[in-house]
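In the working numbering, the protein residues as written are 2 to 214. Okay, so here's the structure we're looking at.
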């Protein structure tokens, strides 16, 4: 059975996507930097009858990403689907955005996506099949006030995906940039954006459980 690898797993979209693939019968590899969170989500998947395998890795590290894919292929099986869901939603006026923060957001949201996409493609291309999915947001196609860093990363990631799709499609590999619009209810979102959450109606956020359906 082909493996589903989800890079960037937390209590929001990444966790929901991982649960959905596991429910569909895929051995599902969960990747993030937090070992405790990964262990908890992998445990939930196992308790529900699926197979969840946690791998801790910094996706901004080229050596770590290469090792991740090599290890998963050797220890679990061939990767049929790779989902990149890592990013940092930084909001600030362009007047107050530190240069190092702009670079950090790009490195996590775009550069890491390039590394994951490249390594996935390197393993899939010889087999002539596979799917690579990058999750995006409105910022992937349109910049907004105070979101220059986030839009730069997400927009660039979409162009990476588009370039990969044109090159790899004829080789049997499907590449997609999927825009998931809306705030996803989680403790982290409620803690970081309390003012925006307060302005939403009662059902104004996406529920991770609904996404997993």
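Glycine is no exception: its CB is placed at the ideal position from the N, C-alpha and C atoms.
With distances taken between CA atoms, residue 144 lies nearest to 90 out of 24, 81, 90 and 117. Taking C-beta atoms as the reference points, residue 66 and residue 58 count as a pair closer than 8 Å.
The C-beta separation of residue 23 from residue 85 comes to about 18 Å, leaving the pair out of contact by the 8 Å criterion. Closest in alpha carbon position to residue 94, among 157, 152, 19 and 174, is 152. Residue 48 and residue 41 have their alpha carbons spaced roughly 10 Å apart. Contact annotation, residue 70 with residue 80: C-beta distance approximately 7 Å; criterion of less than 8 Å satisfied. Between the C-alpha atoms of residue 13 and residue 171 there is a straight-line separation of about 33 Å. Taking C-beta atoms as the reference points, residue 60 and residue 30 fail to come closer than 8 Å.
Rounded to the nearest whole angstrom, the C-alpha separation of residue 82 and residue 28 is 11 Å. Following the DSSP letters along the chain, one finds residue 166 inside the alpha helix (DSSP H) bounded by residues 149-169.
Listed in chain order, the alpha helix (DSSP H) elements of length 4 or more contained wholly in the stretch 58-93 are 63-76. Going by C-alpha positions, residue 73 is about 43 Å away from residue 96.
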